[in-house]
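Numbering (our numbering), first residue to last: 10 to 369.
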């Protein structure tokens, strides 16, 4: 057994005047030297030599096939296809070295590619130098690639029948897990796509912002009467009778043509004036032009109550949906304002007695 001497550092302590401190010391250690692995060296040498011969063989076969194909640069690329395909088959044979059934298929493909290469080299050699040159040139590729087949046969692991079945079972279990993961990924991708499609369909069926969705039996037109006009004392026209709505649905008061605002003149008049004045349909909901204009500023509860005061007795005939459409607010807020307005009408907040009541 041979040894080699190396220096090694180790931790120790040193005491001076009663005070101990850690220090690092150095010592020489004899380490045994393993004997040279001649098997590993032989494998490396053989692999290196076979690689060198393979490079020579690929170069020779590529040039020969390129000359057979008129020697253009594309001919050189085509000539390298056969040898590169054979190299790919050689790598596949290494990957399936533990599976004899698949290894046999890969070996057959490799031998078929070798036969095509040898045939092409033989034809090119016979055309340029005769039969002798054809045989010698073709044997170059046969020798180099036969060495790879021999090296693989020499280093191929041998498995018993039981060991081969155990290896096949382990590979099958791992392949099943991989297949399950791939299927779950595909299912998740399909579910995400379905969700996106449903959301897109739902978004396409929503009415635009600023419109009032109603049932098919009733049509609500959003008025554009300004708050200032209502506060000045102008009394709007009383609501007319709405179209009969189905059971369980609140009736919305219909707006007359007097209440509709004037439509601005179109810059480009159409050939059909009736189509200009009619409201355009939006997925079953008629949207007047006033509803597509810029939204007015939000009004306070006091202003909305003043609007209800201007309506007078007509407020009692309004439903929640009709009040919401008239005030251009949500139904929840309209219901609250109607309740507050009704309470104010029943119990006036004014504490000043009327002069006629005092005189009486």
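We put the beta carbon where it would ideally sit given N, CA and C, even for glycine.
- Contact between residue 88 and residue 78 holds: CB atoms are separated by about 7 Å, below the 8 Å threshold.
- Excluding residues up to 5 positions away in sequence, 111, 112 and 115 lie with their Cβ nearer than 7 Å to the Cβ of residue 105 in the same chain.
- In the structure shown, residue 33 falls within a strand segment according to DSSP collapsed to helix, strand and coil.
- With respect to the 8 Å criterion, residue 31 and residue 10 are not classified as neighbours on the basis of their beta carbons.
- Its chain contains 314, 317 and 324 as the residues whose beta carbon lies nearer than 7 Å to that of residue 350, once the 5 sequence neighbours on both sides are disregarded; these appear in chain order.
- Around the CB of residue 322, fewer than 16 other CB atoms lie within 10 Å, so the residue is classed as exposed.
- Taking the Cβ atoms as the reference, residue 127 lies roughly 11 Å from residue 152, outside the contact range of under 8 Å.
- Of the residues 96, 182 and 69, the one whose Cα lies closest to the Cα of residue 85 is 69.
- Short of 7 Å from the beta carbon of residue 176, and not among the five residues preceding or following it, lie these beta carbons of its own chain, in chain order: 107 and 168.
- Per DSSP, the continuous alpha helix (DSSP H) segment holding residue 133 begins and ends at 109-137.
- Inter-residue distance for residue 178 and residue 186 is about 13 Å (C-alpha atoms, whole angstroms).
- In the structure shown, residue 206 adopts helical secondary structure according to DSSP, grouped into three states.
- Rounded to the nearest whole angstrom, the CA to CA distance from residue 119 to residue 193 is 36 Å.
- With respect to residue 19, residue 37 sits apart: the two C-beta atoms are not nearer than 8 Å.
- For residue 21, the uninterrupted beta strand (DSSP E) segment begins and ends at 11-25.
- According to the DSSP assignment, residue 322 belongs to no alpha helix (DSSP H), since it is labelled neither H nor E.
- Between residue 95 and residue 154, the CB-CB gap stays under 8 Å.
- In the DSSP secondary-structure assignment, residue 218 is not bridged to any residue.
- Burial check for residue 206: the Cβ neighbour count within 10 Å stays below 16, so the residue is exposed.
- Beta-bridge analysis with DSSP links residue 41 to 12.
- In the DSSP assignment, residue 57 falls within the unbroken alpha helix (DSSP H) covering 47-77.
- Counted as a single uninterrupted DSSP element, the alpha helix (DSSP H) harbouring residue 161 occupies residues 140-164.
- With respect to the 8 Å criterion, residue 326 and residue 333 are not classified as neighbours on the basis of their beta carbons.
- Shown here for residue 12: same chain residues with a beta carbon closer than 8 Å to its own, the five before and five after excluded, namely 39, 40, 41 and 42 in chain order.
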